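Visitor:
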Amino acid sequence: MRKLPYKEGTLFAIPLRSGGYGLGLVAHMAPMGKIILAYLFGPMRLELPKADELNDLSPDNAVRCLRCGDLGLINGTWPIIGQMKSWAEDKWPMPTFVHKESLSNRILIRKYSESDPSKLESQTSVASAGDLEQDGLHGYQAVELILIEQLKPH
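Written out as structure tokens, the structure reads:
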């Protein structure tokens, strides 16, 4: 089994094609890696911060929370900043996601395992889902594009 370069509570940078960096935090991970739940943060930064500068991050100030692959961390595209000193897994919950079936237009609320973001625990059909994050499993380049869009001035 390979040793992963990250664990829950790892802070990392996401280089933006438009310049600068966004930030990410591995909040949950599959036991063997490959799939993580990442909280993503702005604002865009011109330089990589030190881990000590990021202890005030919280789920409340994340711009997005996504399930994604870990290839950006594995191949070094997403530089690892360090471990969050005040890491407490229970403060970084696995959110519920919404999925809309394309053929039936049925709306599903999906909940994934706290211990494995690749494992769907439940899904419930609902009439509407408010503003929950869209369910999906994003590749690392898709995450970069999502973050660029999220951080650009509106």
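Numbering (our numbering), first residue to last: 2 to 155.
For every residue, glycine included, the Cβ atom is placed at its ideal position computed from N, Cα and C.
On a predicted model such as this, the values are computed, not experimentally measured, just so you know.
Which value, in whole angstroms, describes the spacing of the CA atoms of SER116 and GLN124?
Guide: Locating residue 116 in the sequence shown gives position 115, where the first residue counts as 1. Locating residue 124 in the sequence shown gives position 123, where the first residue counts as 1. For SER116 and GLN124, the distance between alpha carbons rounds to 17 Å.
Visitor: Please name the residue in SER126, LEU26, THR78, PRO6 whose C-alpha comes closest to that of LEU17.
Guide: Against the sequence shown, residue 17 aligns to sequence position 16. Nearest C-alpha to LEU17: THR78.
Visitor: So, at 7 Å on beta carbons, what are the nonlocal neighbours of TRP93 in its own chain, with the 5 sequence-adjacent residues on each side left out?
Guide: For the purposes of this step, residue 93 is taken as the residue at position 92 of the sequence shown. Excluding sequence neighbours, TRP93 sits near ALA28, TYR40, PRO60.
Visitor: Using only the alpha-carbon positions, how far apart do ALA52 and PRO44 sit?
Guide: Locating residue 52 in the sequence shown gives position 51, counting from the first residue. Locating residue 44 in the sequence shown gives position 43, counting from the first residue. About 16 Å.
Visitor: Between ALA14 and ALA130, what straight-line distance do the alpha-carbon atoms span, to the nearest angstrom?
Guide: What you label residue 14 is simply residue 13 of the sequence shown in a count that begins at 1. What you label residue 130 is simply residue 129 of the sequence shown in a count that begins at 1. For ALA14 and ALA130, the distance between alpha carbons rounds to 31 Å.
Visitor: Would you mind giving the Cβ-Cβ distance between LEU26 and MET95, rounded to the nearest angstrom? I have them listed as a contact below 8 Å.
Guide: As a first step, residue 26 must be located in the sequence shown, where it is residue number 25. As a first step, residue 95 must be located in the sequence shown, where it is residue number 94. That belief does not hold up - the Cβ atoms of LEU26 and MET95 are roughly 13 Å apart, past 8 Å.
Visitor: Return the first residue and the last residue of the beta strand (DSSP E) that GLU48 is part of.
Guide: Here the question's residue 48 lines up with position 47 in the sequence shown. Looking at the DSSP string, GLU48 is not in any beta strand (DSSP E), and its letter there is neither H nor E.
Visitor: For LEU47 versus GLY83, is the C-beta distance shorter than 8 Å?
Guide: Position 46 of the sequence shown, counted from the first residue, corresponds to residue 47. Position 82 of the sequence shown, counted from the first residue, corresponds to residue 83. No, the pair does not count as a contact, with Cβ atoms beyond the cut-off.
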